[in-house]
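*Asks:* In this note's numbering, the protein residues as written are 323 to 627.
Virtual Cβ for every residue (Gly too), placed ideally from N, Cα, C.
I have a structure I would like to understand better, so I am pasting it below and will then ask my questions one at a time.
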């Protein structure tokens, strides 16, 4: 079944919700674990309802994952033999105490629930749309054209095996987001346009490479004090920052090697690591756009390559 625009958006949202579940587990504690389990169930309910709509089947009112799955089996009886269907029953048993009895799960329980949700979602998208959910990037949810374009280009480059370009495009998106967030932070802290002209810094090499000099607004990489405040304002957890920083460091080495006419000594990140970093950054941009649109304010400039 070809993906219609609405279906594509819904699948992207499902992927983003499952990624949010992963982050909620990482926040630790029973609250994070509970949120992760419930959000994972919302993701699967969204996915199953979209499949039913695409199949022309009336969506049952107030149906949970188990009931929606039963409706799908009625429309496609061969699904009854798919091993992953046991997951829906297992997830229902795990979720009910959390949702209805106030049970506080631990991290291990939530992680197992999320693995079940991801496996079940992959089975559904494979059976009905011919693709793995993991192959769908959440970059399509981003409204800002420069950031979305750079992340989609990075995903396309990674898919085509051009890992150097993928890293540069991803680093450019991260650098541009950081610059815009830094500019917003300095405005909040009372830095004027006149003072901004005297802010020491450098143009981000990957941003220059992808967007051109005119695409950097503002074009500074703040001194250490502003960097720390900007990082806090982004609200990106340390593991995600480390993932992005690894790609960024490799991208800068590639750009230096191209400038000097030398070869790159370091090994590129794996395709899986790059895809993970793309989705991590896309999810955080999506979050920031929702919470504080001015922080990722759009620029009129488009990527140059």
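I need the boundaries of the alpha helix (DSSP H) containing residue 366, first residue and last residue.
*Replies:* Where residue 366 is concerned, the enclosing alpha helix (DSSP H) stretches over 351-376.
*Asks:* Spatial neighbours of residue 395 within its chain, please: C-beta separation below 8 angstroms, excluding the five flanking residues on both sides.
*Replies:* Excluding residues within five positions, the ones whose Cβ falls inside 8 angstroms are 401, 402, 407.
*Asks:* When DSSP labels each residue in this structure, what does residue 626 get in the three-state scheme?
*Replies:* The pLDDT assigned to residue 626 is 40, lower than 50, so where the model puts this residue is not dependable; a value taken from the coordinates is nonetheless given after this. If DSSP states are grouped into helix, strand and coil, residue 626 belongs with coil.
*Asks:* Looking at residue 497 and residue 529, is the spacing between their C-beta atoms short of 8 angstroms?
*Replies:* Cβ distance < 8 angstroms, so residue 529 and residue 497 count as in contact.
*Asks:* Whether or not the region 433-453 and the region 480-490 are in contact is what I'm after, with contact meaning three or more pairs of Cβ atoms, one per stretch, closer than 8 angstroms; do they touch?
*Replies:* Contact fails: fewer than three Cβ-Cβ distances are below 8 angstroms.
*Asks:* DSSP state of residue 587, grouped into three classes?
*Replies:* Correct three-state label for residue 587: coil.
*Asks:* Using a threshold of 8 angstroms, state whether the C-beta atoms of residue 512 and residue 548 are closer than that.
*Replies:* Going by C-beta atoms, residue 512 is not nearer than 8 angstroms to residue 548.
*Asks:* Out of 495, 393, 553, which one is the CA nearest neighbour of residue 570?
*Replies:* The candidate whose alpha carbon is nearest that of residue 570 is 495.
*Asks:* So, is residue 589 buried or exposed, given that buried needs 16 or more other C-beta atoms within 10 angstroms?
*Replies:* Exposed: under 16 other Cβ atoms inside 10 Å.
*Asks:* Taking only the alpha-carbon atoms, compute the straight-line gap between residue 519 and residue 554 and give it to the nearest angstrom.
*Replies:* Using only the alpha carbons, I get a separation of about 23 angstroms.
*Asks:* Quick test of the definition: if touching needs 3 or more C-beta pairs under 8 angstroms, does the region 332-349 touch the region 363-370?
*Replies:* Yes, they touch.
*Asks:* Tell me where the alpha helix (DSSP H) around residue 459 begins and ends.
*Replies:* That residue, residue 459, is in no alpha helix (DSSP H); it is neither H nor E in DSSP.
*Asks:* Would you give the residue range spanned by the alpha helix (DSSP H) that residue 401 belongs to?
*Replies:* Where residue 401 is concerned, there is no enclosing alpha helix (DSSP H), given that its DSSP letter is neither H nor E.
*Asks:* Do you know how far the Cα of residue 576 is from the Cα of residue 456?
*Replies:* Computed Cα separation, rounded: 27 angstroms.
*Asks:* Alpha carbon to alpha carbon, how far is residue 560 from residue 574?
*Replies:* Each residue's Cα considered, the two are about 21 angstroms apart.
*Asks:* Tell me which same chain residues have a C-beta within less than 8 angstroms of the C-beta of residue 347, skipping the five on either side of it?
*Replies:* Only 354, 355, 358, 429, 432, 433, 436 meet the Cβ criterion.
*Asks:* Use the C-beta contact count for residue 550: other C-beta atoms within 10 angstroms, 16 or more gives buried, fewer gives exposed.
*Replies:* It is exposed - the Cβ of residue 550 has fewer than 16 other Cβ atoms within 10 Å.
*Asks:* What did DSSP end up calling residue 559 once you bin it into helix, strand or coil?
*Replies:* Three-state DSSP puts residue 559 in coil, outside helix and strand.
*Asks:* Let me know the secondary structure DSSP gives residue 526 once reduced to three states.
*Replies:* Coil at residue 526, not helix or strand.
*Asks:* Just verifying my parser: in three-state terms, what is the DSSP assignment at residue 450?
*Replies:* Three-state DSSP puts residue 450 in a helix.
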